[in-house]
Amino acid sequence: MPALSATLTSAFFDRDPRKVARALLGKLLVRKDGRSRLAGRIVETEAYLGADDAAAHSAAGKTARNSVLFGPPGIAYVYFIYGNHYCLNVSCLPDGVAGGVLFRALEPVAGVEQMAEARGIEIHGLEDLKNASLLRQISSGPGRMSEALGVTRERDNGKNLTSPRSDLRIVDDGFRVRKIAVTPRIGITKAAADPLRFVVAGNPFVSGRRPIG
DNA sequence: TTATAGATTGCCT
DNA sequence: GGCAATCTATAAT
């Protein structure tokens with residue numbers, strides 16, 4: 207990791223989820239797992255606004271499940287969906303105001319083989335490490351990237367992502383994305399037309415059939 | 001107490 | 001392209 211890397215602070219998340227979702231593109235999501243370090247570059251996010259967003263988990267008010275979204279910024283909100291998958295979000299806006307950003311896809315950067323193993327994908331040698339379609343299966347989708355990084359509700363929900371000692375953090379290593387595309391969000395039925403999904407244009411690790419841009 | 005939909009994925013045809 | 005897997009929250013009995 208370059209010398210000028212910095213963990214994002216709570217101030218970064220203390221603003222409109224649309225701004226946070228856009229600004230997160232190109233940052234690194236880093237997991238410290240014992241002696242190993244797993245990292246992926248964020249290439250796809252979705253903004254979930256508070257009270258005015260029918261598709262947001264916070265839309266119906268505060269419950270035990272979604273309380274993190276109503277708390278201070280920079281906290282991990284992890285939920286279990288369809289009986290199969292975990293999805294990772296980060297809370298935005300000040301304590302008392304709901305809002306968050308869903309992480310949807312990563313480009314694997316470090317610990318690629320361990321992430322593949324967590325996904326049940328076999329990687330054998332340099333040949334596979336260059337196999338784009340194989341690498342794509344590791345973390346191109348919210349459930350996939352959570353599995354690759356070992357994210358679960360039990361382990362990570364409520365975790366402060368802005369603490370330097372956290373085993374799950376978001377790091378700015380100076381990388382800047384070239385172009386950002388904005389589209390409607392994926393897999394929702396309410397407020398489905400709103401352009402609140404942000405992707406790195408042309409990046410092959412974005413979820414879905416083909417790259418955007 | 002029972003039913004249903006859900007911020008998904010992988011396997012089937 | 002269709003659909004099952006399988007947990008959770010919430011709505012409907």
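Each residue of the first sequence is one higher than the last, beginning at 207 in my numbering.
Beta carbons: idealized from backbone N, C-alpha and C, even for Gly.
Problem set entry | Simplified DSSP assignment, three categories, for L402 | coil
Exercise. Between S264 and P279, which are expected to be in contact by the criterion C-beta below 8 Å, what is the C-beta distance as a whole number of angstroms?
Worked result: That pair is no contact at about 14 Å.
Exercise. How is the beta strand (DSSP E) around I376 delimited, first residue to last?
Worked result: L374 to D378
Problem set entry | Helix, strand or coil at L234 according to DSSP, with G and I counted as helix | strand
For this session: Taking all protein chains shown into account, decide if K385 is buried (16 or more other Cβ within 10 angstroms of its Cβ) or exposed.
Result: exposed
Problem set entry | Residue ranges of each alpha helix (DSSP H) within the region 244-332, 4 or longer | 273-276 and 318-324
Exercise. Going by the CB atoms, is the gap between L275 and Y283 shorter than 8 Å?
Worked result: yes
Exercise. Touching or not, the region 353-368 and the region 378-393, by the rule of three or more beta carbon pairs under 8 Å?
Worked result: no
Problem set entry | Nearest residue (CA-CA) to G317, options V412, G240, P410 and V405 | G240
For this session: Leaving aside the five residues before and after G331 along the sequence, list all residues of the same chain whose C-beta is less than 7 Å from its C-beta, in chain order.
Result: none
Problem set entry | Burial state of E333 (16 or more Cβ within 10 Å) | exposed
Problem set entry | Exposure label - A245; buried when at least 16 CB within 10 Å | buried
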